[in-house]
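Contents: one structure, followed by commentary.
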Amino acid sequence: MTIDFSNDIILLTCANGKQCGHLIPFLLPKWKHLRLAVKSESSRQTLEKKYGPTWQSDLKSNIDVVLADLAQPDDCYRIMEGVTAVYHVGPGFHPRETEIGYNIIDAALHHHISHFIYSSVLHPVLRKLMNHDCKRYVEEYLIESGLPYTILQPSHFMDMFPLPKLLAEENPTYTARWDPDVKFSYTSLHDLGEATAKILEQREQHFYATYQMVSTCQPMGYNEVCEIASKVIGKEIHVETMPFQKTMEGSAEGMLGLPPGEYARDGVQRMLLYYNYRGLVGSTNVMRWVLGREPLSWERWCEMIVKEVEGKE
């Protein structure tokens, strides 16, 4: 299956989110036609300002930002017109996330797209986690659809760690929202973006595959993360644990910036309770293979973020 960088149209959903924000720089300027789907007018304006006519002219790329409510099948069919490949990121903790996944898959089937990449989550079989369980159904629907697919399963994002804020503080303190000794495997959005771009480009080499997308080799809790970050920034980062009841209050809005609602509240509270005892661990083998290099360790990730912050000053 020939890749046509000049004419293939790549569709990204939730295009103003963190995942696509780290993917787009790896797609440009090689891919000449990107279609970025967003739900809100503010997101549309943000992306059009970021990737405006002057920027597109410099890269000789066409970036089309489209408004769409993916809960509406007609909108999904409309934005899928002429698309070659899609990278679907579902809206996290949305009460209709599973239905939205079905809608976008149906639209992809209708338009006979060449490749459907679904950003799922590490261990979607964990039924106690609402944000995992809903993705399990989308994975099943995609696998049974007959579409050429690749399912990516990232873990807890390293980028949730507020290193720029800690770097700016004289006496930095990290407030953990769960037991900071509970171990996790972490995914760098930089690694995920680069790996996804490679999968889009290599296409059929990755058909019908499900990949754990983990960056860090050694599972660790946030106490260990803060020890590493302290050495990188040259300041000791103190760790405090937020009382559990306080963590539960307003967690959806305060922690993830989600709109208020019972579903988001319940989903985030379940996640925090689970994380407080069990964590989330996986393997870095596939990420290393896809990237063709070592994924980012916590030390290298911290060094990268420090350079980015210093470059903006």
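Using our numbering, the first residue of the sequence shown is number -15, and each one after it goes up by one.
A virtual CB, placed ideally from N, CA and C, is assigned to each residue, including glycine.
Distance between residue j and residue i (C-alpha atoms, nearest Å)
| i | j | result |
| --- | --- | --- |
| T134 | Y158 | 36 Å |
| S199 | M271 | 7 Å |
| V73 | S169 | 20 Å |
| A193 | R277 | 20 Å |
| P156 | M142 | 18 Å |
| E248 | V290 | Looking at the sequence provided, one finds Ala at residue 248 rather than Glu. Whole-angstrom Cα-Cα distance: 32 Å. |
| I127 | L113 | 21 Å |
| P37 | Q29 | 13 Å |
| L18 | T82 | 25 Å |
| I221 | P13 | 39 Å |
| L54 | K23 | 8 Å |
| S267 | H107 | 11 Å |
| A179 | Q56 | 30 Å |
| A160 | S214 | 16 Å |
| D117 | E123 | 10 Å |
| N87 | G1 | 20 Å |
| Y259 | D163 | 8 Å |
| Q3 | Y71 | 10 Å |
| N207 | W282 | 12 Å |
| E287 | G130 | 43 Å |
| V209 | P148 | 14 Å |
| F77 | G245 | 10 Å |
| Y102 | E224 | 36 Å |
Per-residue DSSP class, three states only, for residue i
| i | result |
| --- | --- |
| R277 | coil |
| A92 | helix |
| E178 | helix |
| N46 | strand |
| Q137 | strand |
| Y158 | strand |
| Y102 | strand |
| I127 | helix |
| H72 | strand |
| I(-6) | strand |
| F228 | helix |
| M(-15) | coil |
| R80 | coil |
| V22 | strand |
| F10 | helix |
Buried versus exposed, by CB contacts within 10 Å (16 or more), residue i
| i | result |
| --- | --- |
| N(-9) | exposed |
| T(-14) | exposed |
| S139 | buried |
| D59 | buried |
| K16 | buried |
| Y261 | exposed |
| V312 | Beyond the ends of the chain as shown, which are -15 and 297, falls residue 312; an answer cannot be given. |
| H94 | exposed |
| N46 | exposed |
| G251 | buried |
| M64 | buried |
| Q137 | buried |
| S26 | exposed |
Residue i and residue j closer than 8 Å at C-beta
| i | j | result |
| --- | --- | --- |
| N115 | M255 | yes |
| K167 | V265 | yes |
| A(-1) | L51 | no |
| F191 | P146 | no |
| L7 | L20 | no |
| I(-7) | V49 | no |
| L151 | I217 | yes |
| P75 | I84 | yes |
| Y61 | A91 | yes |
May I ask you to verify whether the segment 173 to 183 touches the segment 221 to 229, counting CB pairs closer than 8 Å and requiring at least 3?
When Cβ pairs closer than 8 Å are counted between the two stretches, the segment 173 to 183 is seen not to touch the segment 221 to 229, the count staying below three.
I want to know whether the segment 178 to 188 touches the segment 98 to 105 - three or more CB-CB distances under 8 Å.
yes
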